[in-house]
Structure formats: structure tokens, C-alpha cells
Amino acid sequence: MHNLIKAIGHTKAKALDLVSRHVPAGAKVLELSCGEGILADAMLRRGYEVRGSNYSIYPQRNPAVPVDTGVDIMEPLPYLDASFDCVVLSEVLQNVPDHRFVLGEIARVLRVGGVFVLTTPNMMNIKSRLHFLFTGYFKVKWMFIGHDVPLSQAFAFHNHPVHLPVLLYYLNALGFATPLVDGIYVKPKSVLLTALFGWLVKPLTWVNVSCTEKNLKHSKASRQHYEALTSFMALTADRLAVVARKGEVKQALSSVSDVPEWAQAYRK
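All letters in the sequence shown, in the order written, are residues 2 to 269 by this note's numbering.
Right under this line is the structure:
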């Protein structure tokens, strides 16, 4: 693993490891916004049938990996329904404004039983939570976006960090089974802060999702949220690594959420 990390970096090595553990060799894998194709090339070498997409044209690491250019992930993907066994989205989602649309398209092109692998900066780690407590800003940005930056270039900044509770909702609503929440880059400072404040974070989170959040407390989602938000990786890792498997046809859930009357007409 050390040599792999040295060759392709921690984040890509983690994504490759998760694909290798959850997707059988020979499966059809799509990496969206694959850049130079470093991870795509590594997956190809592991025996996967890999396809990449990019909006721009990059110099490709391995021309054996077909890459579709001009693919804007904020538009419908140019792939048929249920055409891939795995979709990888690494270090991209935090740069796009409409997570729901992107995740919906990923669910559409995945086969039932297919696997979604996501890596993204972790706004839920203990440092970010404490940073928000004292400043009002989660600590996930490389830099603040200047007001002189045009909208067409805003994607270059981490303007849309992935909020883990909302991600859990989207994945469930789109028919994925309970995801595995893992992490990348465990920082010593975060481990120390978790040791100092974890005794407070965990019971307060439990009380919140199990007793005070009325739309969660009477459902299985409360346990899922508690485990995800208080896991060692969620509290200490610099980046989240999430694996979710697309399920069969989604079963109807009992109604526990307080949906406003004006929104009832849109409820499916």
C-alpha cells in the first residue's frame, strides 16, 4: 500500500482500495471528471473495464482508457440507464452546486447492485466543527472565493462542501443501501481533539438525532446518522471516503417526517 500511495497519492489509493474491495474484477467502472486518468489507469491495471469522462481535454496517463470529453456533470450524463457496475467521483462533488442532480445521474447509470465510490473533503471532522463553533465557517476550503471571481470559474473553489447528514439523505432517497463512511488522512491534531472533546460530541449527537430531531428520532435513520457523525473517521479524517451500493426497488417508508402542507402536492 505504501508504494501505491507513493505512486498515485493517498486519495486515489484509498479510492482504488475501496473499488477493489467492493467491486469484482472485470466490472464496468466509470470515473467521472477523471482528470489525467491516474486513478482510471490504476483501476484498469487491476482488471476493470474502465471509462472516464472530463469536461476539458487533459493529457491522458494511459491512452488505453477511453475518456469522453465535453461531459458536464451538471448536465444529463451521455450514458444509458444501468450501464455501469461502479461509478467513482473523487474530489469533485465539493466543486459543484447541485449535489442532488449529480448523485441522481450517478444512481441512474448504475446497475442494481452497483457501487458508488466518493471521496471529498470532510467538513464533519472535529477541527472543522470547532472552527465553525468559533468562526461560523467550516474548515474545508482551500481559500475563500473572492467576489471578483466570475460564476463560470467558481467551480475551482470548494464552494459546496458535502454535508454528511444531507449526503446520507440523498443516498437513501436515491435507493442506495446504508453507506460505508470511511476516511483519508487521519490527522494527529484531530485525534487529540477527538480525545479531548469526543466525550461531549458523542452524547450530544445521540441526544440530537435520537430525541430532538423529530424527523429522525422515530426512524432507523437516527442510528445511521449517529454512527456516521461520531465514527472515528468522520471525526479525525481530512477527507471522507464513502461507499454506497444501489439497492433493489425502494420500499415505501412509514411517514414520520413533518412535511409542510404546501409541499404535500410534490411528495411522491
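We put the beta carbon where it would ideally sit given N, CA and C, even for glycine.
Test item: CB-CB of residue i and residue j under 8 angstroms
| i | j | result |
| --- | --- | --- |
| V163 | L241 | yes |
| A41 | C35 | yes |
| L217 | V208 | no |
| V51 | F85 | no |
| A155 | A245 | no |
| A83 | R112 | yes |
| G38 | V68 | yes |
| K140 | L194 | no |
| T120 | E92 | yes |
Residue i, enclosing beta strand (DSSP E) - first and last residue
| i | result |
| --- | --- |
| K29 | K29 to E32 |
DSSP three-state assignment for residue i, whether helix, strand or coil
| i | result |
| --- | --- |
| V24 | coil |
| S153 | helix |
| E262 | helix |
| R52 | strand |
| V68 | strand |
| F139 | coil |
| F158 | coil |
| F133 | helix |
N- and C-terminal bounds of the alpha helix (DSSP H) containing residue i
| i | result |
| --- | --- |
| T7 | In the sequence as presented, Thr is not what sits at residue 7; that position holds Lys. From DSSP, the alpha helix (DSSP H) with K7 extends over H3 to I9. |
| N173 | L165 to A174 |
| I58 | Here I58 belongs to no alpha helix (DSSP H), and DSSP marks it neither H nor E. |
| A43 | I39 to R46 |
Closer than 7 angstroms: residue i CB and nearest the ligand FMN heavy atom
| i | result |
| --- | --- |
| E262 | This structure simply doesn't include the ligand FMN, nor any ligand for that matter. |
ask   = Fully enclosed by the region 70 to 131, which alpha helix (DSSP H) runs are 4 residues long or longer?
value = With a minimum length of 4 residues, the continuous alpha helix (DSSP H) runs that stay inside the region 70 to 131 are 100 to 110.
query = Should the region 232 to 241 be regarded as contacting the region 168 to 187, the criterion being three or more beta carbon pairs within less than 8 angstroms?
reply = yes
ask   = Counting only runs that start and end within the region 181 to 259, where is the beta strand (DSSP E) found for 3 or more residues in a row?
value = Correct list: 181 to 187 and 238 to 246.
query = Is the region 53 to 62 touching the region 5 to 23 in the sense that three or more CB pairs, one from each, lie closer than 8 angstroms?
reply = No, the region 5 to 23 does not touch the region 53 to 62.
key: Contact between the region 62 to 80 and the region 213 to 230 (3+ Cβ pairs under 8 angstroms)   = no
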